Amino acid sequence: MKRLTAVAGIGALAVAGAAVPTYASAPGWSDGPSVGAGYTGNHGVILGPNNQKYMCAADGDGLSAAAPSVTSTDMSEAKPVNSLRAATFVGHYYQQLGGTRAYGITDATTLGRIAWVASNAETSDGVRAAAYQIGLIRVAGTFEHSIYQLQEQGRLSDGNAQLGNAVQMSKNVFARAVEEAGPYNVAPKLELAKSGSEGSITNIGATAQSGKWMSGYSYTLQLSGPAVFESNQGKSLSGTTSQSAQNVKIKTTGAGEVSVKLVVKDLPTAKPWVTTGNVTSHGKTVRGQNLVVLGKKAPVEGTAKANKENTEFAPSISTQVKAKKVAKGSGLVDTVTAKADNWAKIPGSDKYVPVKATVDVYGPFNSPVAQTNDGKAFAGKKIGSYDVTFNGPGTLDTADTVKAPSEGFYFFQARVEKSAQGQYKEYVKNYTSPFFETSETTVAPWTPSIKTKASQVDLGGGKVGVQDLVNVSGFPEDHGSFQGVGDWKADSKTISHSIYFFPEGTKITEGATKNMKPLGTVETPAKNGTYTIDANKFAVDWNLGVGTYVIVSTYQGDSRSSAIRTSELDTNEHVKPTFGKVTTVASTENGGKQLVAGDKIRDNVKLEGSFPSGAYTEVKLYSWGKDKAPKCESAIWTSKRIEHSDKAGEYKTDYYTTDANAQVTYGFVETTYDKNGKVLSAGKCGESSETLTSVVEKPGKPGKPTTPAPAPTPTPKATPKPNKPELANTGAAVLGLGAVAGGLLLAGVAAVVVRRRRKDA
């Protein structure tokens, strides 16, 4: 119910007979489903912050937080209470009803009934909501001398049919609360047979304070100690309460204390949850109406214990695989341990009763699953069994006759069957270990294969890279999907491919890259398939000079597959970058067939293909005696640097004037550098295309007479091609050496040798 504006102390309507003023309720508070009755306000649900539903806690002289005149509230967080102040609601009928009557409620019975009404309140429509509000007022003892009694008597001028219906329905709410309210009693009973394994749990359910069994509530039973439920052989059982006590059967599995806990869920609370506080109306702060939270539920539990004497025993079988990993085709061996605190002895003897255990082997599986007691899903995967017999507590290994036929996971599952114990079966109880226990699971791991082929790819602009074609096989087809379970780790997702550089002359050995920093690393999926690592990912660094790029692939392994690392010695993963082509030819200034001492000579350098930015060529000139072996120790002349950078083309050195008085052999030697001055390639001393031998003409000696040649037939002159200018000094890198045989050039031009250059990284 919601009071409007009242005079403090008497609960009288301040504006009796006037029209009800219109206000906005305090923020977060409003009327829910309810019945309005004039100046008596609304009767039913009050909505608070976050749409929490409340009702008046039989507090007839407090001002509701949802009253139209209330502009702000300061209500506390709801909590269960052990006492409650109640007051009749008289509204502006105080003359007829004799004023408000207030008193305290402290007895658990009344508080339990108030809590029951609040917990079970039906609020689907206004009349039902009002019926539960009035029912709560009835159980609180504030119905008499209230406006609701006037309505029942037909003397409420603000009354109406809906409020009248709600008053009538509230009688049933009151009756049900008396019959079904808490505090509730949950008291299971545990009974165990003195001999054998039979037992039972009785008195399952919950009773109200009236003694009525509460039906339709979910419950759980949880066993502790040496016992299981007969119906599911487990430790827990769920059900629904009925109109009378229920019973279930259990079986003991050994000696010792057995206990059971019964939890009945979602019962009405035994105490009402109430919020209290102050409200501000017309600028004054006054006590706010006590409100009870609707829909509160709570579990109620009870326990029972009993002791089982030692009559028969169930050996505890623990198993551990001999090896967590085995090779395909190997024997699968399990280590089995049997123990029991009360291992029986053969009557009249000091010898233990023998126990036969069977260990079944299941597999292969692509991946392990969580441990389970239900083995139906694995029935078709059993590949063999072992029998082991224990003559008392101890540990035994199975044989190794059951083999792992392929890669995959295998698990052992142990069982002791009473029927298999022969004459001593009366002493032994059945035992079954879980399926797919982590300690009982082994794996014949998949061994992946990583086959690769690296090659050089031209990226343009003087750049090249190393492309790697990766073929992966040997993984389980679903590799990458296993998320891990227990001690078994999830699948590793990637394979790493790292590229390293070995300078020319460095010996490449197995494991040489383990302490090297890679130039780059790329990952591909750890799944079967073919993958291409783009050459842009492994760009060649020409500044490193001549050498070999080596790619090493590494897979760290996981619970299902073995780790693998490819070898540095795999030549399929070696790339020696090659770069362009260089042709060098020595020539005389006059182009004659013979070098006359004193003539000018130079070297011609032709670059074809791609070259790194910043590369340059330098030519040195050496001389030695005619018909002597080539000797290039001290250069007699060094050309200006030919700075060709990454531009192919034909380049010429400046001229050198030979000694007019000496008959010697001259030899050019070309050397190409990167921009940092590192030697990328060098010509050989005495190459035929790079040597010219001078001849000294004797003074006054006539030349050989010749027959004059006929006058040439005139032909149109071709436009001469301009010579390339000599270039300025900057640098670049040309790698590798090779030779191409050449023939003699016209008019004194030496033979041409093409040297293949190897790329630097």
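Using mature numbering (1 follows the signal peptide of the UniProt record, and there is no 0), the letters of the sequence shown correspond one by one to residues -26 to -1, 1 to 735. Backbone N, C-alpha and C define an ideal beta-carbon position, used for all residues, glycine too. Predicted model, so just to flag it, every value in this text is computed and none were measured.
Might you give, ordered along the chain, the residues of its own chain that have their beta carbon closer than 6 Å to the beta carbon of residue i, omitting 5 neighbours on each side?
i: Thr646; result: Thr591, Leu654, Ser655 and Val708
i: Thr562; result: Leu569, Asp573, Ile575 and Gly722
i: Thr176; result: Lys163 and Asn221
i: Asp374; result: Gly305 and Val307
i: Val670; result: Ala571 and Gln637
i: Lys350; result: none
i: Gly522; result: It should be noted that the sequence gives Thr, not Gly, for residue 522. Only Phe476, His548 and Lys550 meet the Cβ criterion.
Mark residue i as exposed unless 16 or more other C-beta atoms lie within 10 angstroms of its C-beta, in which case mark it buried.
i: Tyr122; result: buried
i: Asp532; result: buried
i: Gln207; result: exposed
i: His256; result: exposed
i: Tyr640; result: buried
i: Gln107; result: buried
i: Ser393; result: exposed
i: Gly185; result: exposed
i: Lys491; result: exposed
i: Glu231; result: exposed
i: Arg87; result: buried
i: Glu400; result: exposed
i: Arg129; result: exposed
i: residue 736; result: Since the first and last residues shown for the chain are -26 and 735, residue 736 lies out of range.
i: Ser341; result: buried
i: Val267; result: buried
i: Pro676; result: Interpretation of Pro676 is limited by its pLDDT of 46, a score under 50 that renders its predicted location unreliable; the figure taken from the coordinates is listed afterwards. So Pro676 ends up on the exposed side.
i: Lys93; result: It should be noted that the sequence gives Ser, not Lys, for residue 93. Buried is the call here.
i: Pro1; result: exposed
i: Asn347; result: exposed
Three-state secondary structure (DSSP) at residue i?
i: Arg615; result: coil
i: Phe449; result: coil
i: Met143; result: helix
i: Asn25; result: helix
i: Gly712; result: For Gly712, the predicted structure reports a pLDDT of 32, less than 50, and the residue's modelled location is therefore unreliable. The matter cannot be settled from this model.
i: Ile320; result: coil
i: Ile198; result: In the sequence as displayed, the identity of residue 198 is Ser instead of Ile. Looking at Ser198 - three-state DSSP - the assignment turns out to be strand.
i: Ser205; result: coil
i: Val55; result: coil
i: Ser292; result: strand
i: Gly109; result: helix
i: Lys222; result: At residue 222 the sequence reads Val, which differs from the Lys that was named. Correct three-state label for Val222: strand.
i: Ala61; result: strand
i: Ala149; result: helix
i: Lys425; result: strand
i: Lys574; result: strand
i: Val329; result: strand
i: Glu126; result: helix
Starting from residue i, follow its DSSP beta bridges and name the residues at the other end.
i: Tyr647; result: Tyr590 and Val653
i: Trp462; result: Val459
i: Tyr640; result: Ser597 and Leu666
i: Ser359; result: Asp334
i: Gly190; result: Per DSSP, none; premise fails for Gly190.
i: Lys282; result: Gly230
i: Met49; result: Gly251
i: Lys235; result: Gln196 and Thr277
i: Gln430; result: Val440
i: Tyr625; result: Val579
i: Thr74; result: In DSSP, Thr74 forms no bridge with anything.
i: Ile175; result: Leu164 and Val222
i: Arg261; result: Asn252
i: Phe287; result: Val402
Near residue i, which residues of its chain fall below 8 Å by C-beta distance, leaving aside the five closest residues on each side in sequence?
i: Gly454; result: Asp465, Lys467, Pro499, Ala500 and Lys501
i: residue 740; result: Nothing about residue 740 can be read from this structure; the chain reaches only from -26 to 735.
i: Asn25; result: none
i: Lys302; result: Ala378, Pro379, Ser380, Glu381 and Ala418
i: Ser98; result: Pro7
i: Tyr629; result: Glu563, Lys574, Ile575 and Arg576
Only counting the same chain, and skipping five residues up and downstream in sequence, which positions put a Cβ closer than 7 Å to that of residue i?
i: Val237; result: Tyr193, Thr194, Pro273 and Glu275
i: Gly138; result: Gln125
i: Ala61; result: Asp33, Gly34, Asp35, Thr74, Arg75, Ala76 and Thr116
i: Lys239; result: Tyr191, Ser192, Tyr193 and Pro273
Between residue i and the ligand MG, is the CB less than 8 Å from at least one heavy atom?
i: Thr426; result: As presented, the structure is devoid of all ligands, the ligand MG included, so that no description of it is given.
Which parts of the segment 527 to 566 are runs of the beta strand (DSSP E), unbroken and 3 residues or longer, counting only runs that do not cross its ends?
552 to 562
Threshold first: 3 residues or longer. Then list the beta strand (DSSP E) segments lying entirely within the segment 345 to 417, N to C.
Counting only runs that start and end inside the segment 345 to 417, the beta strand (DSSP E) elements of at least 3 residues fall at 356 to 364, 368 to 371 and 382 to 390.
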